[in-house]
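Written below as structure tokens is the structure these notes are about.
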Amino acid sequence: MEKCQPYLGRVNIQIKNFGTLFFDRLDTELLQDAINYIEYDERGLAFETICDHISEYNIPITSEEYHIAVDLANELKMNSNDISLLHMKELIIKK
1 MEKCQPYLGR
11 VNIQIKNFGT
21 LFFDRLDTEL
31 LQDAINYIEY
41 DERGLAFETI
51 CDHISEYNIP
61 ITSEEYHIAV
71 DLANELKMNS
81 NDISLLHMKE
91 LIIKK
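Sequential numbering of the sequence shown, starting at 1, is according to my numbering.
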């Protein structure tokens, strides 16, 4: 179990950092509620909820933010065909 702790701590921090990227574009209370799931060892739910909010509210994202989301989804062993992730790809800001 001790070997898992640093890994879980790193993933938790990555999810929190991902969520904070959207504080200026998404309702702060919604984001904070999602991030708070981490405190209950629900890191997957926290990440999914953040992605759901981005998708539901059609929040524009950068290509870099999308790739962070995909990396986190892979890290959490989530389905890469998750509807929120697929929709987020459509929300990437075209330059």
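Beta carbons: idealized from backbone N, C-alpha and C, even for Gly.
Apart from sequence neighbours up to five positions away, the residues of its chain that approach methionine 88 with a beta-carbon distance below 8 Å are Cys51, Ile54, Ser55, Ile61, Tyr66 and Ala69, ordered along the chain. Bounds of the alpha helix (DSSP H) holding phenylalanine 47 are 43 to 56. The criterion of a C-beta distance shorter than 8 Å is satisfied by leucine 72 and glutamine 14. The beta carbon of asparagine 58 sits closer than 7 Å to those of Leu91, all from its chain and outside the five residues before and after it, given in chain order. Per DSSP, the unbroken alpha helix (DSSP H) holding serine 63 starts and ends at 63 to 75. With a beta-carbon spacing of about 11 Å, asparagine 17 and isoleucine 38 fall beyond the 8 Å limit used to define contacts. Approximately 22 Å separates the beta-carbon atoms of leucine 76 and arginine 25; this is outside 8 Å, ruling out the contact.
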